[in-house]
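> In our numbering, the protein residues as written are 2 to 255.
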Amino acid sequence: MRKPIIAANWKMNKTVSEAAEFARELKDLAKDIFSVEIVVCPPFIALGAVGEVLRNTNIRMGAQNMHWEKSGAFTGEISPVMLRDLGCRFVIIGHSERRGYFQETNKDINKKMKSAFSFNLTPIMCVGEKLEERESKSTLKVVEKQIKEGLAEIGKEEIKSLVVAYEPIWAIGTGKTATPADASEVHAHIRSVLSSMHDSETAQQVRIQYGGSVTPESVGGLMKEEGIDGALVGGASLNVNSFLKIIQFNNSRV
Ligand code: PGA
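#1: Check whether the Cβ atoms of I248 and V234 sit closer than 7 Å, and answer yes or no.
#2: Could you pull the start and end residues of the beta strand (DSSP E) that A64 belongs to?
#3: Just checking my contact of I125 with V82 at CB under 8 Å: how many whole Å lie between their CB atoms?
#4: State yes or no: is the C-beta of N10 nearer than 6 Å to some heavy atom of the ligand PGA?
#5: Taking contact to mean 3 or more Cβ pairs, one atom from each stretch, closer than 8 Å, check whether the region 111-126 and the region 190-201 are in contact.
#6: Cα-Cα, which of Q206, K146, M67, A166 is closest to A8?
#7: Is the beta carbon of P181 sitting closer than 7 Å to the one on G222?
#8: Hey, how far is the Cα of V220 from the Cα of S243?
#9: Starting from T140, trace the alpha helix (DSSP H) both ways and give me its first and last residue.
#10: Counting pairs of beta carbons, one from the region 107-117 and one from the region 129-141, are three or more of them closer than 8 Å?
#11: According to DSSP, which residues form a beta bridge with A166?
#12: How about L233: is its Cβ closer than 6 Å to a heavy atom in the ligand PGA?
#13: I need the straight-line Cα distance from A204 to I160, nearest angstrom please.
#14: So F91 is in the beta strand (DSSP E); what residue range does that whole segment cover?
#15: Measure the alpha-carbon distance for K142 versus E186 and round it to whole angstroms.
#16: Take A50 as the anchor and find which of T16, H96, H188, I191 has the nearest alpha-carbon.
#17: Using 6 Å as the cut-off, classify the Cβ of G213 as near or not near the heavy atoms of the ligand PGA, replying yes or no.
#18: Where does the unbroken beta strand (DSSP E) through N57 begin, and where does it stop?
#19: Would you give the residue range spanned by the beta strand (DSSP E) that E22 belongs to?
#20: Is W11 helix, strand or coil when you go by DSSP?
#21: Since V234 is in the beta strand (DSSP E), which residue starts that stretch and which ends it?
#22: If you count every other CB in all the chains shown that lies within 10 Å of the CB of A237, and 16 or more means buried, which is it?
#23: Classify I247 as helix, strand or coil using the three-state DSSP reduction.
Dropping the structure here:
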């Protein structure tokens, strides 16, 4: 049975003190929740403070991006070693905002994925189609390419611990959530691609989140789908009460 995983992606929001305050509140409010893996992904500069607050709790911390090299002359970049040192267990890789605004390619993403695994960070690899790709019915093809290229040359033992976030770009920050049935179709396709790259036992272990305008109202319907194992939440994760409601979704599978 895959344990659901719900992650907050704060993007470029919250100062260090705001982030630490959120972590203190969430730590108390969510202290009895063990049926869901809870992850918060603050901006880089808040990782130190949030990591201190969340140390030895049931809440994990992730970064929103990283460089693939361990160290070196890469001005402005952050390495996987630095993230581990601050207590990160997770890292979001290939978010559509990184792909779109910062020209990250599947090749870059593949380097980051290999690096994350080798430094013991669990990557949350984001995939998803643009509106015109959905309209031209190429969603499954686009997502398949992102999965195959992003995960090239990665062994099945690593793949088993992977988290994929299916985030249709037209649904991010727009208030338009994919229907549970539409999301579920893509999730099933992702799992079948993983199965063709490795085997079905491996594919069955991968957790696939949905992301894109998830709210306390929409999360329950999404989580009822068999192949949806959690959510990557942007806007609705910025408020602690709203994020708490999302992690308390009524999950009949648990
Ligand atoms: P949203 O963002 O929930 O604000 O749509 C999700 C994401 O980009 O991860």
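Glycine residues also receive a C-beta, built at the ideal position from the N, C-alpha and C atoms.
For this structure:
#1: no
#2: 60-64
#3: In fact, because the Cβ distance is near 19 Å, the residues do not count as touching under 8 Å.
#4: yes
#5: no
#6: A166
#7: yes
#8: 11 Å
#9: 140-151
#10: no
#11: C127, Q210
#12: yes
#13: 8 Å
#14: 91-94
#15: 13 Å
#16: T16
#17: yes
#18: Where N57 is concerned, there is no enclosing beta strand (DSSP E), given that its DSSP letter is neither H nor E.
#19: Counting along the chain, E22 falls outside any beta strand (DSSP E), though it belongs to the alpha helix (DSSP H) covering 17-30.
#20: coil
#21: 231-234
#22: buried
#23: helix
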